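A.B. asks: Sharing a structure below in structure tokens format, with a few things to ask.
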Amino acid sequence: MRKLENSELERKSIEAFKQSEKTPLILVLDDIRSLHNIGSVFRTADAFLIEKIYLCGITATPPNKEIHKTALGATETVTWEHNDNVLEVINKLKEENITTLAIEQVESAVFLQDFKVGKNKKYALVFGNEVYGVSQEAVALCDGCIEIPQLGTKHSLNISVSAGIVVWELFKQFNN
Numbered sequence: 000m001r002k003l004e005n006s007e008l009e010r011k012s013i014e015a016f017k018q019s020e021k022t023p024l025i026l027v028l029d030d031i032r033s034l035h036n037i038g039s040v041f042r043t044a045d046a047f048l049i050e051k052i053y054l055c056g057i058t059a060t061p062p063n064k065e066i067h068k069t070a071l072g073a074t075e076t077v078t079w080e081h082n083d084n085v086l087e088v089i090n091k092l093k094e095e096n097i098t099t100l101a102i103e104q105v106e107s108a109v110f111l112q113d114f115k116v117g118k119n120k121k122y123a124l125v126f127g128n129e130v131y132g133v134s135q136e137a138v139a140l141c142d143g144c145i146e147i148p149q150l151g152t153k154h155s156l157n158i159s160v161s162a163g164i165v166v167w168e169l170f171k172q173f174n175n
């Protein structure tokens, strides 16, 4: 077994990425404080051809040296938009018939392994900040909630890890 060189990976150019059919997922990041987490989510979004990222509240925006450290250029490929108010973004997405799902631990949440994507549906995944998660107001506006099962002693996962887990699971379903 031989490790592949970057030149052998046949990655898309920025232009090819922008023209590619996207995975019908939108990521909404609300009040994310860590610039490295923001960059990591951009990189995940690039890897799985995510349609768009909304950066809400205090979430920093590109160009930013610290975001770039982990995004590694993904801020140039993934479409993004900033909005001060996550509730406005959720309402806008719902008006566009996009199913909005908070990634949070709430009553009646669907465990990730039990969630099934609908054919010809588009989803927006709402991720909250590192300390408080998705706000109660945002949870109440969303069409539903997905919970990532956790079996250890901690109550949460890092937001960039959560995004990677959920995006991968839904990406697999969209591509089966």
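Anchor point for the sequence shown: position 96 equals 95 in numbering that gives the first Met the number 0, and the numbering is continuous, going up by one each time. Ideal Cβ placement from N, Cα and C applies to all residues, glycine included. Values in this document were obtained by computation on a predicted structure and should not be read as measured data.
In three-state DSSP terms, what is threonine 78?
C.D. replies: If you number the sequence shown from 1, residue 78 lands on position 79. Coil.
A.B. asks: What is the residue span of the beta strand (DSSP E) that aspartate 29 lies within?
C.D. replies: Against the sequence shown, residue 29 aligns to sequence position 30. Here the beta strand (DSSP E) through aspartate 29 covers 22-29.
A.B. asks: Within a Cβ cutoff of 7 Å, which residues of the same chain sit near valine 197, ignoring the five residues on either side of it in sequence?
C.D. replies: Residue 197 cannot be examined here, being either before or after the span of the chain that is shown, 0 to 175.
A.B. asks: Along the chain, where does the alpha helix (DSSP H) that runs through glutamate 94 open and close?
C.D. replies: To locate residue 94, count along the sequence shown from 1; it is residue 95. Start and end: 85-94.
A.B. asks: Please say whether glycine 143 and glutamate 103 have beta carbons closer to each other than 8 Å?
C.D. replies: On the sequence shown, position 104 is the one that residue 103 refers to. On the sequence shown, position 144 is the one that residue 143 refers to. The answer is no: Cβ separation not under 8 Å.
A.B. asks: For a minimum of 4 consecutive residues, which ranges assigned as the alpha helix (DSSP H) are wholly contained in the segment 95-142?
C.D. replies: Complete alpha helix (DSSP H) runs here, min 4: 135-140.
A.B. asks: Just to confirm the assignment, what range does the alpha helix (DSSP H) spanning leucine 150 have?
C.D. replies: Here residue 150 refers to the residue found at position 151 when the sequence shown is read from its first residue. Leucine 150 -> no alpha helix (DSSP H), and no H or E assigned at all.
A.B. asks: Look at the Cβ atom of phenylalanine 173, then the Cβ atom of proline 23, and state whether they are nearer than 8 Å.
C.D. replies: Within the sequence shown, the letter at position 174 stands for residue 173. Within the sequence shown, the letter at position 24 stands for residue 23. Yes; because the gap between Cβ atoms is below 8 Å, this pair is in contact.
A.B. asks: Which residues in the same chain have their Cβ closer than 8 Å to the Cβ of isoleucine 164, if we skip the five residues on either side of it in sequence?
C.D. replies: For this step, residue 164 is matched to residue 165 along the sequence shown. Once the five neighbours on either side are set aside, the close Cβ partners of isoleucine 164 are Leu111, Ile147 and Leu156.
A.B. asks: Do isoleucine 66 and isoleucine 25 have their CB atoms nearer than 8 Å?
C.D. replies: Taking the sequence shown and counting its residues from 1, one reaches residue 66 at position 67. Taking the sequence shown and counting its residues from 1, one reaches residue 25 at position 26. Not a contact, by the Cβ cut-off of 8 Å.
A.B. asks: Can alanine 162 and valine 85 be called in contact, C-beta distance under 8 Å?
C.D. replies: Position 163 of the sequence shown, counted from the start, is the residue given in the question as residue 162. Position 86 of the sequence shown, counted from the start, is the residue given in the question as residue 85. Not a contact, by the Cβ cut-off of 8 Å.
A.B. asks: For a quick check, are the C-beta atoms of isoleucine 240 and glutamate 106 less than 8 Å apart?
C.D. replies: The structure shown does not extend to residue 240, since the chain is modelled only from 0 to 175, so the question has no answer here.
A.B. asks: Just the C-alpha distance for serine 33 and glutamate 94, rounded to the nearest angstrom, thanks.
C.D. replies: Counting from one through the sequence shown, the residue named residue 33 turns up at place 34. Counting from one through the sequence shown, the residue named residue 94 turns up at place 95. For serine 33 and glutamate 94, the distance between alpha carbons rounds to 30 Å.
A.B. asks: Can you say whether asparagine 5 is buried or exposed, counting buried as having 16 or more other CB atoms within 10 angstroms of its CB?
C.D. replies: Residue 5 sits at position 6 when you count from the first residue of the sequence shown. Burial call: exposed.
A.B. asks: Would you give the residue range spanned by the beta strand (DSSP E) that glutamate 50 belongs to?
C.D. replies: Locating residue 50 in the sequence shown gives position 51, counting from the first residue. Segment 49-55, the beta strand (DSSP E) holding glutamate 50.
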